[in-house]
Amino acid sequence: MATQTDPAPKAEPEIDKSGHRVRSMFASIAGKYDLLNHLLSLNIDRLWRSFTVRTVPPEPGVPVLDCCTGTADLALAYDRAAGGKTTVIGSDFCREMLLIGNEKARKRGATGRVTLIEGDTQRLPFPSDGFGVVTVAFGLRNVSDTVRGLDEMIRVARPGGKVAILEFSRPRGPVLGRMYLAFFRHLLPRVGQAIAPNRYDAYRYLPETVMRFPDGQEMLDLMTARGLVDAVQHPLTFGIATLYVGTKPGASR
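Quick note: the sequence shown uses our numbering, first residue 20, plus one each step.
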């Protein structure tokens, strides 16, 4: 006798993270990117970057690389922390974001110390083993191949160097978790679209990528699987963001 079975759950549609789409999307919101970041995080994103620099400090004379640097907030934070004694390079494949970052560097007197270049994190234009700290803030989830991007970050870090990933994460708990999800999925896209209208619906893309990006132990496991050691996580602001840090094996030169 035939039995009725429940239909298989529908798979969630893939998020379009193709290079052309992501580059065009960020180019369309570049002018309002900093405003929205600070507004939607209530300026807490500045504290998260400060925590990153304190937790993974630059070493005098040893270059720092900030991948997916956007408008260079984290790169500039590293320049301030280094007191001008360390070369800081920021790379991003969106030229419009880099133009804003270069203007910010000029206003802060960091031109010449902070160098911004156009480059894809999946194919970083640097030799291996060159940077004491390699960072990415809120950008790795936008790389179409997360593993390839992480592998490139590890490749260009010097032995004994640090790889730091600052990213949104999903707070746990029945109350905060639900409130966060409601804000992220429903309110944030509307506010973002109202302030920075764009045909790519960029602020709906944001929560979609966050919800599908590895966080917590899953991210630590990925970092370890790709060869980093001593991987640790630092949840920030009740777990809304998390800093992940791993070390490239080998003695520092």
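We put the beta carbon where it would ideally sit given N, CA and C, even for glycine.
What did DSSP end up calling residue i once you bin it into helix, strand or coil?
i           : result
residue 94  : helix
residue 259 : coil
residue 273 : As shown, the chain starts at 20 and ends at 272. That puts residue 273 outside it, with no answer to give.
residue 2   : No statement about residue 2 is possible, as the shown extent of the chain runs from 20 to 272 and does not include it.
residue 51  : helix
residue 155 : strand
residue 78  : coil
residue 99  : helix
residue 245 : coil
residue 12  : Outside the modelled stretch of the chain, which goes from 20 to 272, sits residue 12, for which no answer is possible.
residue 196 : helix
residue 240 : helix
residue 232 : coil
residue 61  : coil
On the DSSP letters alone, give me the boundaries of the beta strand (DSSP E) that residue i sits inside.
i           : result
residue 129 : That residue, residue 129, is in no beta strand (DSSP E); it is neither H nor E in DSSP.
residue 182 : 176-187
With burial defined as no fewer than 16 other Cβ atoms inside 10 Å of the residue's Cβ, what is the status of residue i: buried or exposed?
i           : result
residue 25  : The predicted model places residue 25 with a pLDDT of 43, which falls under 50 and marks its position as unreliable; any figure quoted below should be read in that light. Counting Cβ neighbours within 10 Å, residue 25 comes out exposed, since fewer than 16 surround it.
residue 252 : buried
residue 180 : buried
residue 12  : The structure shown does not extend to residue 12, since the chain is modelled only from 20 to 272, so the question has no answer here.
residue 82  : buried
residue 257 : exposed
residue 132 : buried
Can you list, in chain order, the residues of its chain whose CB lies under 7 Å from that of residue i, leaving out five sequence neighbours each side?
i           : result
residue 67  : 185, 255, 260
residue 129 : 95, 98
residue 269 : 178, 179
residue 104 : 79, 80
What residues are listed by DSSP as bridge partners for residue i?
i           : result
residue 252 : 263
residue 227 : BP columns for residue 227 are empty, so no partner.
residue 108 : 84, 134
residue 145 : Per DSSP, none; premise fails for residue 145.
residue 150 : 176
Can you tell me where the alpha helix (DSSP H) holding residue i begins and where it ends?
i           : result
residue 138 : It is not in any alpha helix (DSSP H) - residue 138 carries neither H nor E in the DSSP assignment.
residue 160 : Run containing residue 160: none; DSSP gives neither H nor E here.
Residues in the same chain with beta-carbon distance under 6 Å from residue i, minus the five sequence neighbours each way, listed in chain order, please.
i           : result
residue 85  : 93, 94, 109, 154
residue 139 : 112
residue 167 : 141
residue 187 : 229, 260
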